[in-house]
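First comes the structure, then the notes that go with it.
Protein chains: 4
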Amino acid sequence: METNPCNKLINGGSSIPSKVSRKTNQENTIVNIKGVQAGGSEIIIIAGPCAVESREQLFETARSVKSDGANILRGGAFKPRTSPYNFQGLGEDGLKLLGIIREETGLPIVTEVMDTRQFEMVASYADMIQIGSRNMQNYPLLKEAGMCRKPVLLKRGMMATVEEFLLAAEYILSQGNDQVILCERGIRTFETSTRNTLDLSAVPMLKRLSHLPVIVDPSHGTGLRWMVPAMAKAAIAAGADGLIMEVHYKPEEAICDGYQSLDLNEFGQLMADLKKIAIAVGREISLTKPSHV
Amino acid sequence: METNPCNKLINGGSSIPSKVSRKTNQENTIVNIKGVQAGGSEIIIIAGPCAVESREQLFETARSVKSDGANILRGGAFKPRTSPYNFQGLGEDGLKLLGIIREETGLPIVTEVMDTRQFEMVASYADMIQIGSRNMQNYPLLKEAGMCRKPVLLKRGMMATVEEFLLAAEYILSQGNDQVILCERGIRTFETSTRNTLDLSAVPMLKRLSHLPVIVDPSHGTGLRWMVPAMAKAAIAAGADGLIMEVHYKPEEAICDGYQSLDLNEFGQLMADLKKIAIAVGREISLTKPSHV
Amino acid sequence: METNPCNKLINGGSSIPSKVSRKTNQENTIVNIKGVQAGGSEIIIIAGPCAVESREQLFETARSVKSDGANILRGGAFKPRTSPYNFQGLGEDGLKLLGIIREETGLPIVTEVMDTRQFEMVASYADMIQIGSRNMQNYPLLKEAGMCRKPVLLKRGMMATVEEFLLAAEYILSQGNDQVILCERGIRTFETSTRNTLDLSAVPMLKRLSHLPVIVDPSHGTGLRWMVPAMAKAAIAAGADGLIMEVHYKPEEAICDGYQSLDLNEFGQLMADLKKIAIAVGREISLTKPSHV
Amino acid sequence: METNPCNKLINGGSSIPSKVSRKTNQENTIVNIKGVQAGGSEIIIIAGPCAVESREQLFETARSVKSDGANILRGGAFKPRTSPYNFQGLGEDGLKLLGIIREETGLPIVTEVMDTRQFEMVASYADMIQIGSRNMQNYPLLKEAGMCRKPVLLKRGMMATVEEFLLAAEYILSQGNDQVILCERGIRTFETSTRNTLDLSAVPMLKRLSHLPVIVDPSHGTGLRWMVPAMAKAAIAAGADGLIMEVHYKPEEAICDGYQSLDLNEFGQLMADLKKIAIAVGREISLTKPSHV
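Next comes the structure, spelled out in structure tokens:
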């Protein structure tokens, strides 16, 4: 049989760092976000707006996604924007709104941190810290995340190989925090009909190489609202442990990413479809409830 | 709302050629391969070895995949190999073996043509003509396929955009043949842990832009035997009309692509799993039988 | 010292096929196109229109580039176009025009062949056969080129690695023809501000791995007329043995590729600049004359 | 004439942010690094080790590159390493060594900053602040650089488009600091024979779109010591305003990047060759002296 160069990563092993490796820990790591468990038999669903824009926008969206079965709320307060002249987020005011709606709905909160100087402040509001694609190799930030006692959602860089992605996670684990969820969110390729190319093969690859939970972001992965349901279903079929999706109560009025955000009805319909796929692959959606409720 | 650059292809339309466009033909085109229908509610399953190597190899593989529900047999007689010193296929002897096993099993045959001078000869054996990735922009070959009265399986070039892929199909339709199946088989990116990056978002994109059936090749798309099942399931969940997969009765002895070929048991297990996914998305697998039997 | 994964190709050697390898032949191969020698100390300059459009267009362009020091004339008669509805070339009428202007100017002709069935006919007119990017892995065509007794200009596929490029050349050499010039013409990447990304590092890489001459096509490599001079100079500084450039007497009226074609004055000015660069790297431009004159 | 999609960036203009744009400022911006002027007729040469490893290593390398005509010294004290288990740099001890050798040689110092919390400290030692590829979209860091009164060397992200690169620079200029040098250092593509693909076409593109100086890093751009000279010459021929290169007194003993570092003799030889290229394109190397001496 011919040799397969692709098996280097699988067989070689030496390049896969130790703490994230399945060779070190054969059991799946379960990441616990205030009672929501990622990495077990249940599929977790993280939903919410790209950015926190206003009390009404956040609260209406949050209540709706909760009633449809989402178990974690997303929302950005500090936004990494390609242009300095775009909306940069509400900052701490946004975090406060997230805190209020968490009290009401019981949904744990995930939100992004971009600056080591703000790490402690963001962590004081968030139930899970997100490190975004552009910061996947921001090593001081990764080290802060490693010293933090909160779960971390680490998004793959748009130019990062699977190996580099695992090495970035290793920065966090090497500091003592193993509560890390890996998130595939699309890579940059020559294809321009989608915003990024969602690399679903990264899901079985990461699951094989590492014991950490793996989720998928079909919103950024495609950049196309109408395509999110197809790719969300495909992600679950490929073995993902969950999804993170942008949902907005009025996508056409969103300040950012409206073109890739589901509206409330679309999200509800998708949840129904996802449950069928989950069953077909022997998984479940939305049986656990956040501990607060 | 911000404008979405990705919607250019969807909205603009002008760049999508006319005959392949869904604007020209809103109904799905059904491609009929000797009674097997692609593009309708049923999922088609094309299986078989990368290359025809021997009577025993081909026949044992064909009988097994048929009994597990495959409805078309694949097998290469003329192989496009990166090195001139690799096995180049059995040529017409391979085609003859394909003809014999078709008689026995009733499975229609799909096989690749590489040279305009051999088009007529290959077409005299094949029930569906395959044009491979490396020849996606071989325009004389596409024109021959357009003048042929057999269905054509057109594989996406490994660095072709969705738009270029549709323009290649347009070469065939422009000559009068609309019996074309589009096949996503992985694109080339910076990621090297898989042989190619399977671009499953191309499935909903192509289905939206065109009325032609779309299938997926998870064998070449991943280059990893163990990953084929996960990506086959994801492809169906994403809306593919079928799959083409490499199956070999003894993968470890295969002359080519053994590392990405399922063995007979793995294929049987996968077929059972695929039926569950098909049902979850409202499709069926293996209800029609080839007309011959 | 850390190991360098990039040196695999250089050191490993096993993957570099034998006939094209510098290990097989340490001396530079000199390709002789009717007296014009590529691969020695002189830089060769191939210039002319993308496509032969008319007698006037071809002849005026040819006379002008000759007077400015070009030593080979390019011009397409059979054009590989992404859309079936674009101009496909004048066919044999275009070849006849090329033959006439060769007689007048003494410039050898290079033109593309796309179909094995037309190989003999095209070769009867051309002094050098071009195999284009889209056909770099059209193996039947490469084998024809290998059995031909004319020099071959092989363009790198837009998705081909250096290794695959050399393996494609090996198909030609393996049939007995070592008169092959390799041409870097840009690869496809995520960057869209240029038509392709001109990979000038392929020049020193190919020169180190192989004994064949290496030239560069800055017209297709950039897709931008105003950028051609900068990249032409850079190519010579990087060690290229020559350039192939699109020049048109009226670029704004060109049927194809006008936006990347130099006009006659721009070409003349560039030639003057290139001579300075050639001297700075110890090379020469335009000292030999075609044998005909 | 066909429309050229590549001209969108050139013609459209709207996507190019205002402060970095040549439309805003038609004159070249001259960046002044303690008397060394980038962006004028002179080519600047930045040389030194990847990382500061020891007093001997740094001082011997610095003295040698200065005697060969380098006008700025590079050396990393805080190193962004893909693995947490690799050498992370000497930290402030490294900065102190850089300060000592600056006093001796008069060479201005450029060194990288990775963390907003360390910005002030690093800036107190450096004459020019480097923001590395992995941090090109680290917006808090860019804003710090914009509020700083030191010149900034901004390296292109390995998967950043030209447009995103300019938008990152705009973050700095928007805070009031226009002393920014842009550095092309290779992008990530499918090609693996080089560490990155050095995109020299970015040089004329950036020079046309922006008034900021543009330099090239052939060391990271190729990852191959033997290829650095060829690409350094090509960069100058393409119009670059300078080069940054890794030089080490004992490359085979370097802790990082030894395989892409020139030794002292190679650097001296290259400087002699670069002067010839500079003259051929109407530029000069090493006429100005740092103001200190």
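Residue numbers (our numbering), protein chains in the order written: chain A, 1 to 293; chain B, 1001 to 1293; chain C, 2001 to 2293; chain D, 3001 to 3293. For every residue, glycine included, the Cβ atom is placed at its ideal position computed from N, Cα and C. For clarity, every value in this text was computed on a predicted model and none was experimentally measured.
Residue i at chain D interface by Cβ criterion, 9 Å
| i | result |
| --- | --- |
| P2204 (chain C) | yes |
| M1231 (chain B) | no |
| T2272 (chain C) | According to the sequence as given, residue 2272 (chain C) is Ala; it is not Thr. Judged by the 9 Å Cβ criterion, A2272 (chain C) is not in contact with chain D. |
| S286 (chain A) | no |
| S210 (chain A) | no |
| L2089 (chain C) | First, the amino acid is wrong: residue 2089 (chain C) is Gly here, not Leu. So no, G2089 (chain C) is outside the interface. |
Extent of the continuous alpha helix (DSSP H) to which residue i belongs
| i | result |
| --- | --- |
| K967 (chain B) | Residue coverage of chain B in this structure runs from 1001 to 1293, which leaves residue 967 (chain B) outside it and unanswerable. |
| G2221 (chain C) | P2218 to T2222 |
| Q57 (chain A) | R55 to S67 |
| I2172 (chain C) | V2162 to L2173 |
| E3112 (chain D) | E3112 (chain D) -> not in any alpha helix (DSSP H); beta strand (DSSP E) instead, spanning I3109 to E3112. |
| K3233 (chain D) | V3228 to A3237 |
| E3092 (chain D) | E3092 to T3105 |
Under 9 Å by beta carbon: chain A residues contacting residue i
| i | result |
| --- | --- |
| M3114 (chain D) | N138, Y139 and P140 |
| S3174 (chain D) | P84 and Y85 |
Same chain, Cβ closer than 7 Å to residue i, five either side skipped, listed in chain order
| i | result |
| --- | --- |
| I2255 (chain C) | A2051, E2053 and F2087 |
| K1276 (chain B) | none |
| K3207 (chain D) | V3214 and G3239 |
Nearest-angstrom Cβ-Cβ length linking residue i and residue j, presumed shorter than 8 Å
| i | j | result |
| --- | --- | --- |
| N138 (chain A) | N3196 (chain D) | In fact, because the Cβ distance is near 20 Å, the residues do not count as touching under 8 Å. |
| R2225 (chain C) | Q2260 (chain C) | 5 Å |
| N312 (chain A) | V152 (chain A) | Since the displayed chain A opens at 1 and closes at 293, residue 312 (chain A) lies outside it and no answer follows. |
| P3017 (chain D) | E3170 (chain D) | 4 Å |
| G1039 (chain B) | I1030 (chain B) | 5 Å |
Interface residues of chain B facing residue i [CB-CB closer than 8 Å]
| i | result |
| --- | --- |
| I187 (chain A) | T1189, F1190, E1191 and T1197 |
| S2021 (chain C) | Those do not exist, as S2021 (chain C) stays about 13 Å from chain B at its closest Cβ, beyond 8 Å. |
Contacts of residue i in chain A (Cβ-Cβ under 8 Å)
| i | result |
| --- | --- |
| S1083 (chain B) | Under the 8 Å cutoff, chain A gives no residues; its nearest Cβ is about 11 Å from S1083 (chain B). |
Min CB distance residue i to chain A below 9 Å
| i | result |
| --- | --- |
| R3117 (chain D) | yes |
| S3201 (chain D) | no |
| A1062 (chain B) | no |
Chain C within 9 Å of residue i, Cβ atoms only
| i | result |
| --- | --- |
| V3281 (chain D) | yes |
| G997 (chain B) | Nothing in the structure corresponds to residue 997 (chain B), since chain B is present only between 1001 and 1293. |
| Y1171 (chain B) | yes |
Minimum Cβ-Cβ distance from residue i to chain B less than 9 Å
| i | result |
| --- | --- |
| G221 (chain A) | yes |
| A123 (chain A) | no |
| A77 (chain A) | no |
| G239 (chain A) | yes |
Neighbouring residues, chain D, relative to residue i (Cβ below 7 Å)
| i | result |
| --- | --- |
| L167 (chain A) | T3082 and S3083 |
| G2048 (chain C) | Here the premise fails: no neighbours, minimum Cβ distance about 18 Å. |
Under 7 Å by beta carbon: chain B residues contacting residue i
| i | result |
| --- | --- |
| K276 (chain A) | A1280 |
Partners in chain C for residue i, counting only beta-carbon separations shorter than 8 Å
| i | result |
| --- | --- |
| T3161 (chain D) | F2190, E2191, T2192 and S2193 |
Amino acids of chain A, ordered along the chain, whose beta-carbon sits closer than 7 Å to that of residue i
| i | result |
| --- | --- |
| N3135 (chain D) | N138 |
Contacting residues, own chain, Cβ-Cβ under 6 Å from residue i (five flanking each side not counted)
| i | result |
| --- | --- |
| V1954 (chain C) | Coverage of chain C is limited to positions 2001 through 2293, which leaves residue 1954 (chain C) absent and any answer about it impossible. |
| L2173 (chain C) | K2019 and V2020 |
| A1160 (chain B) | M1136 |
| E3191 (chain D) | T3197 |
| I1109 (chain B) | L1073, L1098, R1102, A1126 and D1127 |
Closer than 9 Å at the beta carbon, the chain C residues around residue i
| i | result |
| --- | --- |
| M1245 (chain B) | Those do not exist, as M1245 (chain B) stays about 23 Å from chain C at its closest Cβ, beyond 9 Å. |
| E1164 (chain B) | T2082 |
First and last residue of the uninterrupted beta strand (DSSP E) at residue i
| i | result |
| --- | --- |
| A3038 (chain D) | V3036 to A3038 |
| A2047 (chain C) | E2042 to G2048 |
| G3242 (chain D) | G3242 to E3246 |
| M3128 (chain D) | M3128 to I3131 |
| L73 (chain A) | I72 to R74 |
Below-9 Å beta-carbon distance, residue i vs any chain E residue
| i | result |
| --- | --- |
| I236 (chain A) | Going by chain labels, chain E is absent from the structure shown, which instead holds the protein chains A, B, C and D. |
Residues near residue i by beta carbon distance below 8 Å, same chain, minus five either side
| i | result |
| --- | --- |
| I1285 (chain B) | E1042, I1043, I1045, G1069, M1271, L1274, K1275 and A1278 |
Residue i: CB within 8 Å of a non-hydrogen atom of the ligand ZN
| i | result |
| --- | --- |
| M2158 (chain C) | In the structure shown, the ligand ZN is absent, as is every other ligand, since no ligand is present at all. |
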